[in-house]
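K.L.:
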Amino acid sequence: MNDDKLISKKDVLERMHISYGQLYRWKRKGLIPESWFIRRSTFTGQETFFPEHKILERIEQIKDMKGDHPLDDLADVITSHVNAKLQVAFDQLQRLKWFDDTVLETCDIDRGRSTPLSIHETLCIAVLSRLRKTARAEELDLVKRTLVDRRDELLDRIADEKLHLYLLRKKLSGGGISAEISLVTVAGPKAVFDPDIEKVETIDLGHILERIKLDLAKTPEGEPPKRTAEGNTEADDER
Amino acid sequence: MNDDKRSASLSGAGQLSGGDYTRVSISGAGKVTGDLKAEALRISGAGKVEGRTDALSITVSGSGAFGGEVIAEEMRVSGAARIDGAVKVKELKSSGSYRVKESVSSEYVKTSGILRVGGDVEADIFKASGGFEIEGLLSADKVEIRLGGRCYAKEIGGAKIDVRRGGYRERGILLDGLVRMLSGRGTAELRATSIEGDEIHLEDTTADVVRGTRVEIGPGCRIGEVEYSETLDVHSDAEVKKQTKT
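The listed protein sequences correspond, in order, to chains V and L.
Quick note on our numbering: the first sequence kicks off at 1 and runs consecutively.
Quick note on our numbering: the second sequence kicks off at 1001 and runs consecutively.
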């Protein structure tokens, strides 16, 4: 699979136009997990490789955000576990580009709501927003009920088990009558279904959570502190 | 709020149970049993904290032993410190001997004595003018090494890496003498398996591979391979077996 392909450190720097300094700094700040650094012996000696898909995506995210966020905060934002107590202001949510307010009703959320949303509610909105174009109304409701039902354990399991949400349909026909049933499943990334099932949509829930955190971090709440690591270096230099 | 916080001073031989303190001062032979949380910890005799230490400032001018993790804004050592856990501080200055079993992470590290680390050293700025031995990765935006003893790091990585002959003279002869004594005289050189950075200047360095954007290989270096992307300068008194422009 694509996920397993490795890319050398040199190629990462070249492809992403970043420097050794940046890469090492991001590693120090916990933005690039230790486990992604894979040391291999090559004919030129020791070299470091990374899982290509993950590292390129991660660097893209970091480059996207580092302008308006101190690196130290980025680590909290990017790491895979979410803080279950994270709350999202409603007006903050409305500024996000993937937000679709037509799904609010399905999620039983009042449009004029002033109290902040839980991360769980936000996840539900994000998933439904993404499904809205392909899924039927009753399917959206089914998805929502699936997510709500297991809300307590879901957040941790998403990070630990890389859970995906699958929206499935299956046609049944016999005796001149045909019907279609919809199913929603939350399972690991490599779940196997019977061949008659049509996978309407597959959603990587961990990815959605990450997206939410990143997008929220990007949305300015007042003035974000301007502090680049480069600036820091010079100021702290002479002690 | 701080009503229940105490301040403690041990002089002579004494023991203190762990807990939350304002100031803790050990000037004789003292031991803190358990975890210590304090605003300031000062050890000028022989002090030991058996558990984890969490303080705003830690000063060791005698000998300090720490059984667990050390967390502080500022840590200054002019005697000898031994830490069995990891060190997470904002600023670390040591002119004595500093030994850590695990890793060190600090925004600023300045060592002019001897530094021994079993894991990685991570800093924004790392300045060394004595000797050191780092079993893992030495990573900093700016790595500045004035060779004042035997220096070893398995790997070095950062933005700017500058390694030059000779120690700091800013504190005069006394410090130089101490450095020489602690680092065991002998040749002042740096050894590493790999060194990676954007701007690299090396002297008296032996490394298997050096990778960088702008690389200067100064006198006394023996490098297996240099990979550079912009410029490479090799001093006439340096040996580079193989060079590749990428």
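For every residue, glycine included, the Cβ atom is placed at its ideal position computed from N, Cα and C.
Computed from a prediction, not measured in an experiment: that's the story for all the values here.
Is it buried or exposed, residue 1247/L, if we count other Cβ atoms within 10 angstroms and call 16 or more buried?
P.N.:
The requested residue 1247/L is not part of the displayed model; chain L covers only 1001 to 1246.
K.L.:
Pop quiz: residue 1199/L and residue 1213/L are said to be a contact at Cβ under 8 Å. What is the actual Cβ separation, rounded to whole angstroms?
P.N.:
In the second sequence, the residue the question calls residue 1199/L occupies position 199. In the second sequence, the residue the question calls residue 1213/L occupies position 213. Correct: roughly 7 Å between the Cβ atoms.
K.L.:
Under a Cβ-count criterion, where at least 16 other Cβ atoms within 10 Å of its own Cβ denotes burial, should residue 1141/L be classed as buried or exposed?
P.N.:
By 1-based counting over the second sequence, the position of residue 1141/L is 141. That one is buried.
K.L.:
Does the count of Cβ pairs from the stretch 1042-1057 of chain L and the stretch 1073-1087 of chain L closer than 8 Å reach three?
P.N.:
Short answer: they touch.
K.L.:
Check the Cβ-Cβ distances between residue 1122/L and every residue of chain V, and say whether any is below 7 Å.
P.N.:
As a working note, residue 1122/L is residue 122 in the second sequence. Answer yes: the Cβ-Cβ gap between residue 1122/L and chain V drops below 7 Å somewhere.
K.L.:
Give a yes or no on contact between the stretch 189-201 of chain V and the stretch 147-154 of chain V, applying the rule of three or more CB pairs nearer than 8 Å.
P.N.:
Taking 8 Å as the limit for Cβ pairs, the verdict is that the stretch 147-154 of chain V does not touch the stretch 189-201 of chain V.
K.L.:
Which stretch, first to last residue, makes up the alpha helix (DSSP H) that contains residue 124/V?
P.N.:
Your numbering for residue 124/V matches position 124 in the first sequence. Looking at the DSSP string, the run of the alpha helix (DSSP H) that includes residue 124/V is 119-131.
K.L.:
I'd like to know whether the C-beta of residue 1085/L is nearer than 7 Å to at least one C-beta of chain V.
P.N.:
What you label residue 1085/L is simply residue 85 of the second sequence in a count that begins at 1. Closer than 7 Å: no.
K.L.:
Measuring alpha carbon to alpha carbon, tell me which residue in 33/V, 58/V and 210/V is nearest residue 158/V.
P.N.:
Taking the first residue of the first sequence as 1, we reach residue 158/V at position 158. When only C-alpha atoms are compared, the closest one is 210/V.
K.L.:
Tell me, please, whether the CB atom of residue 1153/L is closer than 7 Å to any CB atom in chain V?
P.N.:
Against the second sequence, residue 1153/L aligns to sequence position 153. No, residue 1153/L does not count as interfacial toward chain V.
K.L.:
Might you give, ordered along the chain, the residues of its own chain that have their beta carbon closer than 8 Å to the beta carbon of residue 1021/L, omitting 5 neighbours on each side?
P.N.:
As a position in the second sequence, residue 1021/L is number 21, starting the count at 1. So the qualifying residues of the chain are 1005, 1006, 1007, 1008, 1036, 1037, 1038 and 1039.
K.L.:
Is there a Cβ of chain V sitting closer than 7 Å to that of residue 1128/L, yes or no?
P.N.:
Residue numbering aside, residue 1128/L sits at position 128 when the second sequence is read from its first letter. Taking Cβ atoms only, chain V never reaches closer than 7 Å to residue 1128/L, which makes this a no.
K.L.:
Mind listing the chain L neighbours of residue 15/V? Cutoff is C-beta to C-beta under 9 Å, in chain order.
P.N.:
As a working note, residue 15/V is residue 15 in the first sequence. Correct list: empty, because the minimum Cβ distance to chain L is about 13 Å.
K.L.:
Kindly say whether residue 1159/L, judged by its beta-carbon, lies nearer than 7 Å to any beta-carbon of chain V.
P.N.:
On the second sequence, position 159 is the one that residue 1159/L refers to. Yes, residue 1159/L lies at the interface with chain V (some Cβ there is under 7 Å from its Cβ).
K.L.:
Note down, one range per segment and in chain order, each beta strand (DSSP E) of at least 3 residues found wholly within the stretch 103-187 of chain V.
P.N.:
For the stretch 103-187 of chain V, whole beta strand (DSSP E) runs of length 3 or above, ordered along the chain, are 164-174 and 177-187.
K.L.:
Taking the alpha carbon of residue 1121/L as the point to measure from, which residue in 1092/L, 1162/L, 1238/L and 1221/L has its own alpha carbon closest?
P.N.:
Numbered from its first residue, the second sequence carries residue 1121/L at position 121. The option with the nearest alpha carbon to residue 1121/L is 1092/L.
K.L.:
Anything in chain V within Cβ reach of residue 1260/L, meaning under 7 Å, just list it in chain order.
P.N.:
In this structure chain L extends from 1001 to 1246, so residue 1260/L is not present and cannot be described.
K.L.:
Do you know how far the Cα of residue 1229/L is from the Cα of residue 1246/L?
P.N.:
Position 246 of the second sequence, counting from 1, holds the residue named residue 1246/L. Position 229 of the second sequence, counting from 1, holds the residue named residue 1229/L. The alpha-carbon atoms of residue 1246/L and residue 1229/L are separated by roughly 5 Å.
K.L.:
Determine the closest residue to residue 100/V out of 207/V, 203/V and 123/V, with distance taken between C-alpha atoms.
P.N.:
The count along the first sequence starts at 1 and reaches residue 100/V at position 100. For the residues 207/V, 203/V and 123/V, the minimum Cα distance to residue 100/V belongs to 123/V.
K.L.:
Sort out for me which residues DSSP pairs residue 1201/L with in a bridge.
P.N.:
Here residue 1201/L refers to the residue found at position 201 when the second sequence is read from its first residue. Beta-bridge pairing links residue 1201/L to 1162/L and 1216/L.
K.L.:
So with Cβ pairs under 7 Å, would you call residue 1139/L a contact of chain V?
P.N.:
Numbered from 1 along the second sequence, position 139 holds the residue referred to as residue 1139/L. Chain V, which has a Cβ nearer than 7 Å to the Cβ of residue 1139/L, makes this yes.
K.L.:
Flag residue 1198/L as yes if its beta-carbon sits less than 7 Å from any beta-carbon of chain V, otherwise no.
P.N.:
For the purposes of this step, residue 1198/L is identified with residue 198 of the second sequence, where counting begins at 1. For residue 1198/L, the answer is yes, since a Cβ of chain V falls inside 7 Å of its Cβ.
K.L.:
Closer than 8 Å by beta-carbon distance: list the chain V residues that pair up with residue 1213/L, in chain order.
P.N.:
For the purposes of this step, residue 1213/L is identified with residue 213 of the second sequence, where counting begins at 1. Those within 8 Å of residue 1213/L in chain V are 19 and 20.
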